[in-house]
Each structure stands twice: as structure tokens, then as C-alpha cells.
Amino acid sequence: MSDAAQAQPPGADTAAEGEEPRAGWFELFFDLVFVVTVSVLAHGLHGDPGPGDFAEFLVLFFPAWWAWANLTVTVNLFGSGSPRIQAMLLAAMPALGLMAAASPEGLHERAWAYALGAAWVRLVLFLIWWGHARATDNPLPLWRPVLYCLVPAALWAVSAALPSTARFVLWGVAIVLEVVLLAVRTGLGTGPYDRLSVELLVERIGLFVVIVLGESVFTVVVALEEHFVLAAGVTALLAFVVVAELAMIFFTWGTENAAQGLTRAQSGHATRAMRDTVMYLPFVLVSGITVIAAALGTAVAEPDHALPPGSRWALCGGVLAFYTANAAISMRYGDGIRRVLGWYLPCLGLTGCLLLPASILLPGWAAVACAAGLVFLLAKLSRRHVRTHRRG
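Following this note's numbering, the numbering of the sequence shown begins with 2 at its first residue and continues without gaps.
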């Protein structure tokens, strides 16, 4: 509900005056649910996933991500120190757990449970925002939390009792309603975005990426434990290098760029840029890391064989998704297109001309080695462009 209301200063419940707000223990505890969510959803991409498996992953992952993003922005505005907010977060955690448990059959036999979990989360969000909307000193129109939270909650809940076709139509309507409402600012200024804590947003998104990177390491280690031979060990080491390089890129360049970009966007009242880079584009980035992890796990399990087609697309598509998200975020923060294309075009060329053929022609361990080399080269290239831009 990131643009729905004026609110008290971010982190007012948790940070002393004059200190930068930081994620509290309660927020970190809440994020643990997503360790399970990411792990369960990623499991369906191991081996040789087909187009339907990738589509199912995205369809089921986006509502979970959307719930997390909305709750993160809500806590950023209202803080997590009050007993009421903590009670609401605790109430949301079983709902996210239900969505995770239902995910293996989230579009089939357990779709009703997944829908009820999604409805549950939105009801919690409604209760949080409705309480603030009713405050006498808050200009939030009452219809916004109703349309953004309560109506989608009802649609998700009703869908649980419907046959599959009608159920998925209601899911789409509920998601579209929320997305459209974020773009509609009737009666609202830039107040909510002005009151967000940039430092806390960057920290929370960074922590979520840590969860996804942790799932990647877990996938590699589990695959090695199940196939404990020398070739699998070498492949696991190379896979760890890939994950470490992605982490290095994100935390040494991405988070700094995000903090600077969000600060510029906030000071310039660029609300759409803030919305896109907090709510939408990180979803592409973490999805890319997740599918890369699935491909790495498959390579560790079968290091002497060429990757199956699904894992090839996961490896190459995951790399492209990771860098495409970073390119889009950079441009939304005001980086010039020529500067971004300076490192993004080599990503397209090297992925298509080097990584894809390697994943087809070479055994799994060699394909992962090529991925490690590709990510390393792109990291060097992107950092060189950043240094050149700063000197300019």
C-alpha cells in the first residue's frame, strides 16, 4: 500500500531521534518466512523445467513477493515497534507460510489454500491501513484501503471456492486492481513517498536478496551432499563463485546505486521511479537469481552431462533477468542510456554468443565455469563504467 497515505515518520517506533532507522529484529524474524517460500518455489525448477514450470513459478512467486513488498513499505511508514504492528505482522506470517506450503500444487489441488493465504495477507494489510485511515489527522481517503486491500482479499477468498478457470480470472482481477491503484493518485500528493526512509528500504530489499542468495547456496550444497563425487565438488565450487559474484555486484554496486537513486527520486518527487524500483523491478532481479540457483543445482547433480534444455534456459535467462533488472533500475534512477548500454549490451552479446552455446555443447561443470567467467567480466565492466561516470 505504498502510496496510500500520509504516515508518521519512518521507523518512529524503533529508532531514536537523530539515528538512521534500521530493520528491527521483528522485521528480520518476519522475513524468515520467505526462506521457506523461495525454497519451495525454486524446487519446481530443478532438473529440466519446461515453459509451464517457469510460468507456474512466476505466477505463484509474484503474489508472495507483492505481499512482502506491501508489508515492507507499510512497516517503513509506520515502524515495527508498536504492539499493534507487531501483532499484525505475526498474524500475516502464517498466511505466507500457507502460501508457501500450498505452492507445490498452487495451481492445482492446493490452489484453494494458496488463495486463502493471499486473502489472509491482504486482510491484515487492510486492518493496518484502515486504522490509520480513520485517524483524524490522516488525510488518507477511506476508499483506498478498501479498494487496495479489502476488495482483493474478498476476490482471493471467493476464488478458493470456484473452479480453476474462474479462480484464476479472479486472481488476475485482484492483482490488476492493486497494480492499477498504485498508478492512480486521485486526491494524493507525494507525501507517502517523501516520508519513506530510503536507508531502511535499501536495507530491507538487500535482506530479501540475501535470503534468495542463501537459497542459492543451500541448493548447491544439498546437490553436492546428494552427489558427493569430485566432479560435483568442482562444479559446486564454481557455482559458489557465481553466487558470490552476484552478491558482490549487488552489495558493492547495486545497493549504493539504489540508495543514491532513491534519494534523488525522493528529493525530486519522482514517485513513479520509486514505485517501480521498490515494488516491481526487484521482483525480476530476485526471480533471476532463483532460476540461476536451480540451474546450478542441476549442474552439480549431473556435472559430466550437458545441461538439460530447461536448465540451459534457466541459467542464461536468469543471468539476463538479473542484469536487465539492474539496467532498468539504473535508468529509472536517471542514469544515461549510453552509460547503461555500455555494460548491458555486452551482457546480451556474451550470454547469447558464449554462455548459451557453452550450456548446449559442454558438460555441466564447464557451463558453470563459463557462467562464472561471464559474471566476473560483467562485474569488471560495470564497475569501470561507474568509475568513469563518477570521474566525469
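By construction, the Cβ of each residue, glycine as well, lies at the ideal position given by its N, Cα and C atoms.
Rounded Cβ spacing between residue i and residue j (contact assumed at less than 8 Å)
i, j, result
"A43", "A295", "6 Å"
"L297", "V243", "6 Å"
"C371", "L382", "With a Cβ gap of about 16 Å, C371 and L382 do not count as contacting."
"F323", "G289", "4 Å"
"Y149", "E179", "6 Å"
"A232", "A300", "Wrong, their Cβ atoms sit about 10 Å apart, outside the cutoff."
"R333", "T278", "5 Å"
"T256", "V320", "That belief does not hold up - the Cβ atoms of T256 and V320 are roughly 20 Å apart, past 8 Å."
Spatially closest choice to residue i from the options, by CA coordinates
i, options, result
"S40", "E28, F30, F62 and L225", "F62"
"A247", "Q261, G82 and S217", "It is worth fixing the name first, because residue 247 is Leu in this sequence and not Ala. Checked all of Q261, G82 and S217; the closest Cα to L247 is S217."
"A120", "A136, L151 and V147", "L151"
"L282", "A259, T253, V292 and A302", "A259"
"A176", "P64, L141 and V285", "One detail in the question is off: residue 176 reads as Ile in this sequence, not Ala. Out of P64, L141 and V285, P64 has the C-alpha closest to the C-alpha of I176."
"W366", "R273, L225, L321 and D305", "D305"
"V122", "A373, G82, G98 and S81", "G98"
"A302", "L238, F27, R205 and L197", "L238"
"T220", "D277, V292, L126 and V199", "V292"
"D49", "G335, A240 and A315", "A315"
"D195", "R333, A233, R276 and G255", "R276"
"L214", "W26, F35 and G335", "F35"
"N77", "Q261, L59, P146 and E200", "E200"
"L379", "A300, W254, T299 and T264", "W254"
"F127", "T299, T75 and L357", "T75"
"M249", "V211, I86 and T325", "V211"
"I206", "C317, A373, G350 and M280", "M280"
"A167", "A112, V181 and E204", "A112"
"A307", "L363, P153 and V147", "L363"
"F58", "W26, F27, M100 and Y334", "M100"
"G82", "V125, F27, A274 and D54", "F27"
"A373", "T38, A154, F241 and F55", "F241"
"T264", "H47, T236 and G335", "G335"
"D353", "L182, T325, C317 and V223", "According to the sequence shown, residue 353 is Gly rather than Asp. Minimum Cα distance to G353 is reached at C317."
"V37", "A184, L183, W66 and A271", "W66"
"G80", "F209, G53, A56 and S198", "S198"
"L286", "T325, T272, G269 and A271", "T325"
"F209", "H47, G337, G53 and F284", "F284"
"I142", "L182, P84, F169 and P153", "Here residue 142 turns out to be Pro, not Ile, going by the sequence shown. For P142, the nearest C-alpha among the options comes from L182."
"A184", "R273, A56 and P146", "R273"
"H47", "A271, V230 and A224", "A224"
Span of the alpha helix (DSSP H) around residue i
i, result
"G1", "Since the first residue of the chain shown is 2 and the last is 393, residue 1 is not available in this structure."
"P95", "P84 to A103"
"G262", "T256 to S268"
"D32", "W26 to D32"
"A162", "Looking at the DSSP string, A162 is not in any alpha helix (DSSP H), and its letter there is neither H nor E."
"Y1", "Within the shown structure, residues of the chain are numbered from 2 to 393, placing residue 1 beyond reach of any answer."
"A248", "L231 to I250"
"S198", "First-last for S198: undefined, no H or E at that position."
"E57", "P52 to F79"
"V147", "Segment: none, V147 is in no alpha helix (DSSP H) and carries neither H nor E."
"T272", "T272 to R276"
"V287", "L282 to A302"
Beta-bridge partners of residue i, as assigned by DSSP
i, result
"P364", "A307"
Residue i beta carbon near the ligand GTP (any heavy atom closer than 6 Å)
i, result
"E246", "For the ligand GTP, the structure offers nothing, since it holds no ligand at all."
task = Would you be able to state if there are at least three C-beta pairs under 8 Å between the stretch 66-84 and the stretch 310-329?
result = No, the stretch 310-329 is not in contact with the stretch 66-84.
key: Cβ contact (3+ pairs, closer than 8 Å) linking the stretch 107-126 and the stretch 153-171   = Yes, since at least three Cβ pairs between the stretch 107-126 and the stretch 153-171 fall closer than 8 Å, the two stretches touch.
request  = Inspect the CB distances between the stretch 83-95 and the stretch 23-37 and report whether three or more fall short of 8 Å.
outcome  = The stretch 83-95 vs the stretch 23-37: in contact.
ask   = Taking three-plus beta-carbon pairs below 8 Å as touching, is the stretch 102-114 in contact with the stretch 72-90?
value = Touching, no, given that fewer than three Cβ pairs across the two stretches are closer than 8 Å.
ask   = Does the stretch 305-312 come within contact of the stretch 337-347, defined as at least 3 CB pairs closer than 8 Å?
value = No: fewer than three Cβ pairs fall under 8 Å.
key: Validate contact between the stretch 168-175 and the stretch 129-138 using beta carbons, cut 8 Å, 3 pairs   = In short, these stretches do not touch, since the Cβ pair count stays below three.
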